Structures are given as structure tokens and as C-alpha cells.
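Here's the structure we're looking at; comments come further down.
Protein chains: 2
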Amino acid sequence: MVAVVGGGQLARMMVPAATALGVHLRVLVEAPTTSAAQVVRDAPVGAAADDDAVRGLVTAAPAADVLTFEHEHVPNALLEALVAEGHPVHPGAHALVHAQDKIVMRRRLTALGVPCPRWTELPDAAALDAFLAEVGPAAVVKTARGGYDGKGVRVVRSSGDVADWFAALADGGVPLLAEERVPFTRELAVLVARRPSGEVRAWPVVESVQRHGVCSEVVAPAPDLDPGLAREATALAVSVAEGLDVTGVLAVELFEVPGADGAPTVLVNELAMRPHNSGHWTIDGSVTSQFEQHLRAVLDLPLGETRARERWSVMANVLGSSHADLADALGAVTAHDAGAKVHLYGKDVRPGRKLGHVTVTGDDLDDVRARARTAAAVLRGDSTEEDA
Amino acid sequence: MVAVVGGGQLARMMVPAATALGVHLRVLVEAPTTSAAQVVRDAPVGAAADDDAVRGLVTAAPAADVLTFEHEHVPNALLEALVAEGHPVHPGAHALVHAQDKIVMRRRLTALGVPCPRWTELPDAAALDAFLAEVGPAAVVKTARGGYDGKGVRVVRSSGDVADWFAALADGGVPLLAEERVPFTRELAVLVARRPSGEVRAWPVVESVQRHGVCSEVVAPAPDLDPGLAREATALAVSVAEGLDVTGVLAVELFEVPGADGAPTVLVNELAMRPHNSGHWTIDGSVTSQFEQHLRAVLDLPLGETRARERWSVMANVLGSSHADLADALGAVTAHDAGAKVHLYGKDVRPGRKLGHVTVTGDDLDDVRARARTAAAVLRGDSTEEDA
Chain A
931 MVAVVGGGQL
941 ARMMVPAATA
951 LGVHLRVLVE
961 APTTSAAQVV
971 RDAPVGAAAD
981 DDAVRGLVTA
991 APAADVLTFE
1001 HEHVPNALLE
1011 ALVAEGHPVH
1021 PGAHALVHAQ
1031 DKIVMRRRLT
1041 ALGVPCPRWT
1051 ELPDAAALDA
1061 FLAEVGPAAV
1071 VKTARGGYDG
1081 KGVRVVRSSG
1091 DVADWFAALA
1101 DGGVPLLAEE
1111 RVPFTRELAV
1121 LVARRPSGEV
1131 RAWPVVESVQ
1141 RHGVCSEVVA
1151 PAPDLDPGLA
1161 REATALAVSV
1171 AEGLDVTGVL
1181 AVELFEVPGA
1191 DGAPTVLVNE
1201 LAMRPHNSGH
1211 WTIDGSVTSQ
1221 FEQHLRAVLD
1231 LPLGETRARE
1241 RWSVMANVLG
1251 SSHADLADAL
1261 GAVTAHDAGA
1271 KVHLYGKDVR
1281 PGRKLGHVTV
1291 TGDDLDDVRA
1301 RARTAAAVLR
1311 GDSTEEDA
Chain B
931 MVAVVGGGQL
941 ARMMVPAATA
951 LGVHLRVLVE
961 APTTSAAQVV
971 RDAPVGAAAD
981 DDAVRGLVTA
991 APAADVLTFE
1001 HEHVPNALLE
1011 ALVAEGHPVH
1021 PGAHALVHAQ
1031 DKIVMRRRLT
1041 ALGVPCPRWT
1051 ELPDAAALDA
1061 FLAEVGPAAV
1071 VKTARGGYDG
1081 KGVRVVRSSG
1091 DVADWFAALA
1101 DGGVPLLAEE
1111 RVPFTRELAV
1121 LVARRPSGEV
1131 RAWPVVESVQ
1141 RHGVCSEVVA
1151 PAPDLDPGLA
1161 REATALAVSV
1171 AEGLDVTGVL
1181 AVELFEVPGA
1191 DGAPTVLVNE
1201 LAMRPHNSGH
1211 WTIDGSVTSQ
1221 FEQHLRAVLD
1231 LPLGETRARE
1241 RWSVMANVLG
1251 SSHADLADAL
1261 GAVTAHDAGA
1271 KVHLYGKDVR
1281 PGRKLGHVTV
1291 TGDDLDDVRA
1301 RARTAAAVLR
1311 GDSTEEDA
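So the sequence lines, in the order shown, correspond to chains A and B. First residue of the first sequence? That's 931 in the working numbering, and the numbers climb one at a time after it. First residue of the second sequence? That's 931 in the working numbering, and the numbers climb one at a time after it.
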């Protein structure tokens, strides 16, 4: 029995895997209507920040075999207390903190010798101006905690561009850091899973395409990736999983950059310790989905094979829609493409919101990518639908 | 919203597809602990033969868009009444009767010119003795209704071998029929789906291996199948779906037999109008699973692509187990074979009971088949586990 904190689409997508494996899921949902709450039979309502709600999720009879998460916003002191009382928690608080706090993450990765963009903590505006003088003309300022999907991230050219954040910081607000603006060729991601007893498996390295700070498309495997760089990126992700003692699924988001010698290399952008958007393609495209693997890993079961079932998989996110309800477009998208695998999250439509995704697999990358984009456009209700 | 009568593993395996498509499932379960009841959020308890329970399943707010089934044991008069009241039912009672009553099925297939084993109705023992004189030395006697997995089927050499059934028949019991004992080469199955507006799609023809009257293994596609025979079998299944106005998934079980001219041909053995054991391989092996396709079809949505994702898929059933709980063997089977896809049904262990299945996919049939068999053996707790 696996207890999961968080009732969004990531918990929802654990349902098929749990159903097949015969694993009971108990999910702490924010409201009775969330994405996961619609499909999970055992879904108590409560807040992730509420110690009693999280404790109840784990200890209610029958007690959970393990506690895990679909997001990082959980009370670490409680997690440590639960572990001390004999309730396994994966990933553990000591690992999870690296996905919660970008300063903690950068310090640790730097100490491990993992290649990162140049970065610095920002105790005040002067620190940012000094950093800009070094890496300028622009840099990326981030809040250490609470950011996601482009929120809590701002590209700046002077400390005045984040005066509001420094004011909040002076008021005891969230710490800030700055990172160089990396001249990357593209973004890659490596998804690995690690179980407590040590086994690690990685999926093929993927290319992740972002629009407005949000993932819009993932291509698996990353096209034209140098095999040596693929090995380097995979080894790096495995070393992060091991160095940070991550259990469950870890997503390592990377920048591909030209190296000093002209050969491409990678820098770590972000970490997520849970199933991740860059791994949604695995549901339809790999022998083992990231959701099944996460359940196996946190239960300390042997991990599944991660090879791709077909040559190419392309996953396209559906971000917002002009349809009142995405279900209204299900017929249109399936009529348009019988092979597009549609995943709807059961969420109310809002501009830019992740409402679902589509995966297409096949032998020809151009065809697969065009089909995935068109299917997502049909679900968004774009007028390009008629052109396709 | 799809209402499903029956809370076994077939309804359970609709959950992953419904979750991805954002389709709400409401399942009438026999008890709160059945295979489907464990994983379906909206699962009222009631009997399939209880008109009020089935009516409530359809009409409770929000009303279901369609009523469908995971077994054939449903009250047809009620289904017809629901349709008359404007509630779609798929497959309809007029089609379903052919899966409920083997005499009705044989009469209709014979009228359609579909090749069947020689057969006859058995009003009395004399009719059987006359049939044996024609097709003997042995024949297969079946109860027209209520049989499944080898139950209600008996191989006989004289009417005395089913004296008990004739006695029951004389008491107003279930009608009987006899079929010739077909000297088949092997058993094949064709799975098709048909939507109310007419679209039909078929999966590749599979070979089905039975032991003691129960399916033990399915190989997709059927090895060494003559391409002409594959086309013939597929066309035959499509003609049955159309001729009987089947909606949803239809499984046509076939005998492959040597034809009059020496070329192999097929005869129809049984029909099932629902997802079927011969199609479980589609979950992991095909672009569209039979469970997703059944939901699409009964909702009259465009059907999905039915091609196999890999060269070979082998599905092995787990019939009974020496493990007290199959979940105890999950670690063993995944340790043994990282690529075996395990599907557990959450059922209590009983000798010979269908408790789960395993599918393995890949390029080499001998390897894939051996791996599927071994994984199923590990789940059964066979001692061969150590030899493998």
C-alpha cells in the first residue's frame, strides 16, 4: 500500500500502474474533485502542509507500506518523525530538500562536482549587481523555494528588475539566488529511478522543448544526440541520484551547451524527485512507465526495463484550451489520429493550464512530431486543426 | 460516463483506459471487495440480475452515457426497456443474446453462412445418439446458457454420458446442443471492435492455447499463420460483428482445421461480446488496448489503431497459485524478469482461478514465450521457478 501526498495529474497517472500491479493507492487530495480524486478510490481530503492529514494518510489502517509524493511541498520535520517511528518515506526528507530549495541543491551539486551554471546566493541587491558584472549582461534570478513552471524565475539585467523580491527578502521572505543565463543549444532531461536497496535504472535521454518557461514537447530519445554525451548525461543523473540518496523517480533537467573544446556538454538546470513531465512519454513509449517505476522504487521492488518500445516517441502537452471541457474534443482528436494516445487530467480549463498530453510513437520522427503537435492542437481547439 | 455491469477483472482493466481518456466509470460490483471494486471510485454493489440495481447504475445522477458489460449474464428485457427510454446500451440485447445462448448463436451463424462445426439441438437423448451416429465416435455437448471456462461443456461418446443433463432438461432445465468434435490444428481468436456508427477495427489474429478448457497462453500474432487465412479469419470476425450488430469488443474464437482441399480453414467455436482473455496482450502489445477500444466503441468515439507495437507478444495466464497472496510474488517476478508486464487482479487465491496475467513482448518468439511462461510460473509459485 502506497500513500501519496498530492492529488494532481501525477498522482492520477499512478492509478493505471497501481491497478496492474495490484498495489493499493491512498492519495491525500486537496479537494474531492482534483485530478487524482476523480479516479482514486481511497482519497482522503487534506492539505500537504497539514501534519495531521499527512500522518493520517500513513497511519490509518491498514498502514501504508511507504509514503511518497507527487510534489515537493511537504513538511520535512513530519517526514523525519514518521521515519523515526518506522514508517518508510521515499524519497526521504534529506533528499527531498534538494528539490525544495534551489540554494541547497546548488550547494550540494557544486560540492559533488556536478556541472552547474555559474550561480550565487543573493543576500542583497549588491550581490546581484556584482554577479551581473561577472556573467552579464543578463542573469536569471530565482526564489530558492516555491517556484514551478516558470514561476519564481525572472531574467534580469539589473538588481532593479527584482526590487520587489529584494524588498520581500528584507522582510524575511524567501531567499534568492542568481544563475548565469546559459547559452544552451537545447534542453535535455534524464529520468532515472533508484530503489532504497540501490538499484538504479535510467530511461533514454530526451529533448525537452519549453515555451514561456513551461514544457510543451518532449522527444524521446533526444534526436542527433552524441552517444558519448548521452552516456555522460546518464552517468551524471545516476551520480546525482546516488549522491543525494534519491529514492523513487528523479528527473534531472539539463542544458546542452558547447563545451570549452567545442564538443557539447551538459549543465544541470533543475531537479524533481517524482514522476515528471519529461517522462510522460514512457506511459506509451517505454516497457516500464515512470509511474510504475516510481511505485516499484518506493516499494523497494526490482525495477522494470526502461527501453523504448518504438524508435521515436513525442509527447505534446495540452496547455489551455478553447474547449469548455477537453472531453468534448476527445472524438475530434481520435477521429483525426487513430494512433495518438490521449491523456486527459480531468481539470477545469484555464489559460495555459496543463490539462492533458498526447503521445505518438513510430519510426519517422518528423511524422511522429507533426502528429503529436496536431493532436495537441485539436485538444487545445486551435484553428490550425483545419490546416493539418 | 460509462456504466459497466460486473465487477471482475475485465471491469478492473477498464480503469487505466478510462483514467487516460478522462471517462468516468461506474461499475456494478457483486461485493465491495471484488477485483474492480478495489480500484473503481464509483462502484455501487448489486447483482447483474437485479433490475433495480442495473437501472440505478444507468439512471443515477449524472446519468450514464452508455451501459455496457463485462459478462453476458444480464436481464435483456430491462436492457430493451432502457433503450426504449433513451439510454444507450452497447452491445444491445439483440446482439448480446448470441453470446448468452449457444443455440441462438449457432442458428444465426448458420443462417449467415459462417463456417461452424456440425451441430444440432438436443431435445432428447435420442437426438444425441443420432448425432453421434453421424459425427462419432465422440461429440461435444454444451448447455446453451451459463457455461464458461470449460463449465457446461462435456465430451461424450453416448447419451448416457450426459444423462444428468437430459434429466435436468426434462425438468425444464437449460437447453442442450451437440457439436462435432473438431480435429483442429490449433485455436485462433480474432478480436474486433465496432462502434454504433459502423466503424470496425480488428487486431492481428492470435493463437490461443487452452489447458483443461481454460485459456493458458495467447501468442500475438499467431505464428506461421497463412496470410490468406489471416485475412479470411479477420473478414469472418468482421462479418459476425456486422451480421449480429455487435457494438463494443467482440472476440471470435476459432478452430484452425485442414480444409477439404488440404489448405487450412477456420470454424467458429465461441463468441464473447466484451473484452476477452485472448485480447489481454493488447494492453502492453498494441497501440490501443481492447479495454480502451471497448470504451471508445460503446461511447461511439472513433476507434484506435490496432497494430502491434513489437514483433511478438505472449500473454500467460496465472491460474491458481501456491502463494497465499499474489502480491507476495511481485518482487520475485520482477527480480526474475525486468521486462515482464505483470497484471494482478486482486483476487483471493483459489485452485485454477484466474488471478492475473503476464505479457512479454520482443523480437524473438521463443525467448518471449519462455519468459512469459516463466513469469507466470513464478506467480503461481511453481517449483520450476528455480530451474528457469
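A virtual CB, placed ideally from N, CA and C, is assigned to each residue, including glycine. All of these numbers come straight from a predicted model, not from anything done at the bench.
Any idea what DSSP makes of Leu1201 (chain B), helix, strand or coil?
-> In the second sequence, counting from the first residue as 1, residue 1201 (chain B) sits at position 271. Reduced to three states, the DSSP call for Leu1201 (chain B) is strand.
If you pair each beta-carbon of the stretch 1094-1103 of chain A with each one of the stretch 984-997 of chain A, do three or more pairs fall below 8 Å?
-> Counting Cβ pairs under 8 Å, fewer than three are found: no touch.
Classify Pro1205 (chain B) as buried or exposed, calling it buried when 16 or more other Cβ atoms lie within 10 Å of its own Cβ.
-> On the second sequence, position 275 is the one that residue 1205 (chain B) refers to. By the neighbour-count rule (16 or more Cβ atoms within 10 Å), Pro1205 (chain B) is buried.
Between Val957 (chain B) and Ala966 (chain B), which are expected to be in contact by the criterion C-beta below 8 Å, what is the C-beta distance as a whole number of angstroms?
-> Here residue 957 (chain B) corresponds to residue number 27 of the second sequence, with the count starting at 1. Here residue 966 (chain B) corresponds to residue number 36 of the second sequence, with the count starting at 1. Here Val957 (chain B) really is in contact with Ala966 (chain B); their C-beta atoms are around 5 Å apart, less than 8 Å.
Using a C-beta cutoff of 9 Å, does Gly1250 (chain A) count as contacting chain B?
-> Translated into the one-based positions of the first sequence, residue 1250 (chain A) becomes position 320. Judged by the 9 Å Cβ criterion, Gly1250 (chain A) is not in contact with chain B.
Counting only the same chain and skipping the five closest in sequence on each side, list residues whose C-beta sits under 6 Å from that of Arg1299 (chain B).
-> What you label residue 1299 (chain B) is simply residue 369 of the second sequence in a count that begins at 1. Close CB contacts of Arg1299 (chain B) within its chain, under the 6 Å cut and outside five residues either way in sequence, are with Val1244 (chain order).
Provide the residue span of the alpha helix (DSSP H) that contains Pro946 (chain A), from first to last.
-> The sequence position of residue 946 (chain A) within the first sequence is 16, counting from 1. Per DSSP, the unbroken alpha helix (DSSP H) holding Pro946 (chain A) starts and ends at 944-951.
Rounded to whole angstroms, what's the CA-CA distance from Asp982 (chain B) to Leu1012 (chain B)? Just pull it up for me.
-> Sequence index remark: in the second sequence, residue 982 (chain B) carries index 52 (1-based). Sequence index remark: in the second sequence, residue 1012 (chain B) carries index 82 (1-based). Going by the C-alpha atoms only, they are around 12 Å apart.
Which stretch, first to last residue, makes up the beta strand (DSSP E) that contains Phe999 (chain A)?
-> Translated into positions along the first sequence, residue 999 (chain A) becomes position 69. That run of the beta strand (DSSP E) goes 996-999.
Taking Cβ-Cβ distances below 7 Å as the criterion, which residues of the stretch 1227-1243 of chain B are in contact with chain A?
-> Answer set for the stretch 1227-1243 of chain B: Leu1231, Pro1232, Leu1233, Gly1234, Glu1235, Arg1239, Glu1240.
C-alpha gap between Arg1125 (chain B) and Asp1312 (chain A), whole angstroms = As a working note, residue 1125 (chain B) is residue 195 in the second sequence. As a working note, residue 1312 (chain A) is residue 382 in the first sequence. As the crow flies, the alpha-carbon of Arg1125 (chain B) is around 27 Å from that of Asp1312 (chain A).
How big is the Cα-Cα spacing for Pro1246 (chain A) and Lys1032 (chain A)?
-> Counting from 1 along the first sequence, the entry for residue 1246 (chain A) is found at position 316. Counting from 1 along the first sequence, the entry for residue 1032 (chain A) is found at position 102. First, the amino acid is wrong: residue 1246 (chain A) is Ala here, not Pro. Taking the straight line joining both Cα atoms gives about 27 Å.
Assuming Arg1237 (chain B) and Ser1216 (chain B) form a contact by the criterion Cβ under 8 Å, report the distance between their Cβ atoms to the nearest whole angstrom.
-> As a first step, residue 1237 (chain B) must be located in the second sequence, where it is residue number 307. As a first step, residue 1216 (chain B) must be located in the second sequence, where it is residue number 286. The Cβ separation is near 7 Å, so the contact holds.
Element boundaries [beta strand (DSSP E), containing Phe1185 (chain B)] = Along the second sequence, one-based indexing puts residue 1185 (chain B) at 255. Segment 1178-1188, the beta strand (DSSP E) holding Phe1185 (chain B).
Pairwise C-alpha distance: Glu1172 (chain A) and Val1228 (chain B) | As a working note, residue 1228 (chain B) is residue 298 in the second sequence. As a working note, residue 1172 (chain A) is residue 242 in the first sequence. Cα to Cα, the separation comes out at about 48 Å.
Alpha carbon to alpha carbon, what distance is there between Val970 (chain B) and Pro946 (chain B)?
-> As a working mapping, residue 946 (chain B) is identified with position 16 in the second sequence. As a working mapping, residue 970 (chain B) is identified with position 40 in the second sequence. Pro946 (chain B) and Val970 (chain B): Cα-Cα distance of roughly 10 Å.
Within 9 Å, strictly: CB atoms of Ala1152 (chain A) and Ala1165 (chain A) = Taking the first sequence and counting its residues from 1, one reaches residue 1152 (chain A) at position 222. Taking the first sequence and counting its residues from 1, one reaches residue 1165 (chain A) at position 235. Between Ala1152 (chain A) and Ala1165 (chain A), the gap from beta carbon to beta carbon reaches 9 Å or more.
Can at least three beta-carbon pairs, one atom from the stretch 1256-1272 of chain B and one from the stretch 1054-1063 of chain B, be found at a separation below 8 Å?
-> Proximity of the stretch 1256-1272 of chain B to the stretch 1054-1063 of chain B falls short of the contact definition, fewer than three beta-carbon pairs being nearer than 8 Å.
Measuring CB to CB, does His929 (chain A) end up less than 9 Å from Gly938 (chain A)?
-> What is shown of chain A runs 931 to 1318, which leaves residue 929 (chain A) out entirely.
DSSP-derived helix/strand/coil call for Lys1284 (chain A) = On the first sequence, residue 1284 (chain A) is found 354 positions in, with the first residue counted as 1. Strand at Lys1284 (chain A).
Check Ala1163 (chain A) in the structure and name its three-state DSSP category.
-> As a position in the first sequence, residue 1163 (chain A) is number 233, starting the count at 1. Under the three-state reduction of DSSP, Ala1163 (chain A) is assigned to helix.
Any beta-carbon of chain A closer than 9 Å to the one on Leu1274 (chain B)?
-> Here residue 1274 (chain B) refers to the residue found at position 344 when the second sequence is read from its first residue. At a cut-off of 9 Å between beta carbons, Leu1274 (chain B) contacts chain A.
Using a Cβ cut-off of 9 Å, which residues of the stretch 1102-1125 of chain B contact any Cβ in chain E, in chain order?
-> Chain labels in this structure do not include chain E; the protein chains are A and B.
Backbone secondary structure at Ala1318 (chain B) - three-state DSSP = Residue numbering aside, residue 1318 (chain B) sits at position 388 when the second sequence is read from its first letter. Caution applies to Ala1318 (chain B), whose pLDDT of 39 falls short of 50 and renders its modelled position unreliable; the value that the coordinates give is listed next. DSSP places Ala1318 (chain B) outside both helix and strand once states are collapsed to three, so it counts as coil.
Test: Met1035 (chain B) CB closer than 9 Å to a CB of chain A | In the second sequence, the residue the question calls residue 1035 (chain B) occupies position 105. Not a single CB atom of chain A sits nearer than 9 Å to the CB of Met1035 (chain B).
Outcome for Ala1063 (chain B) when other beta-carbon atoms lying within 10 angstroms are tallied against a minimum of 16 = In the second sequence, residue 1063 (chain B) corresponds to position 133, counting from 1. Exposed.
Gly1261 (chain A) vs Val1279 (chain A) beta-carbon contact at 9 Å | Residue mapping note: residue 1261 (chain A) aligns to position 331 of the first sequence, counting from 1. Residue mapping note: residue 1279 (chain A) aligns to position 349 of the first sequence, counting from 1. Taking 9 Å as the Cβ cut-off, Gly1261 (chain A) and Val1279 (chain A) do not qualify as a contacting pair.
Exposed or buried, which one is Asp1293 (chain A) when buried takes at least 16 other CB atoms within 10 Å?
-> To locate residue 1293 (chain A), count along the first sequence from 1; it is residue 363. Per the 10 Å Cβ criterion, exposed.
Could you check where the alpha helix (DSSP H) with Lys1032 (chain A) kicks off and where it finishes?
-> Residue 1032 (chain A) sits at position 102 when you count from the first residue of the first sequence. For Lys1032 (chain A), the enclosing alpha helix (DSSP H) covers residues 1032-1042.
Would you kindly check if the distance between the Cβ of Ala1068 (chain A) and the Cβ of Val996 (chain A) is under 9 Å?
-> Sequence index remark: in the first sequence, residue 996 (chain A) carries index 66 (1-based). Sequence index remark: in the first sequence, residue 1068 (chain A) carries index 138 (1-based). Not in contact: Val996 (chain A) and Ala1068 (chain A) (Cβ atoms no closer than 9 Å).
Residues of its chain near Ala1254 (chain B), where Cβ-Cβ distance is below 7 Å and the 5 sequence neighbours each way are ignored | Counting from one through the second sequence, the residue named residue 1254 (chain B) turns up at place 324. Closer than 7 Å at Cβ, skipping near neighbours: Val1279.
Hey, out of B:Ser1138, B:Gly1276, B:Asp980, whose CA is closest to Leu940 (chain B)'s CA?
-> Looking up residue 940 (chain B) in the second sequence gives position 10. Residue B:Gly1276 is the option with its Cα nearest to Leu940 (chain B).
Residue from B:Ile1213, B:Val1179, B:Glu1222, B:Leu1225 whose Cα sits closest to the Cα of Leu1026 (chain B) = Here the question's residue 1026 (chain B) lines up with position 96 in the second sequence. When each option's Cα is compared against that of Leu1026 (chain B), the closest is B:Val1179.
Is any beta-carbon of chain B found at less than 9 Å from that of Lys1271 (chain A)?
-> As a position in the first sequence, residue 1271 (chain A) is number 341, starting the count at 1. Closer than 9 Å: yes.
Name the chain A residues whose beta carbon is nearer than 7 Å to that of Leu951 (chain B)?
-> Taking the second sequence and counting its residues from 1, one reaches residue 951 (chain B) at position 21. Within 7 Å Cβ-Cβ: Leu1260, Val1272, Leu1274.
When DSSP labels each residue in this structure, what does Ala1014 (chain B) get in the three-state scheme?
-> Here residue 1014 (chain B) refers to the residue found at position 84 of the second sequence. Helix.
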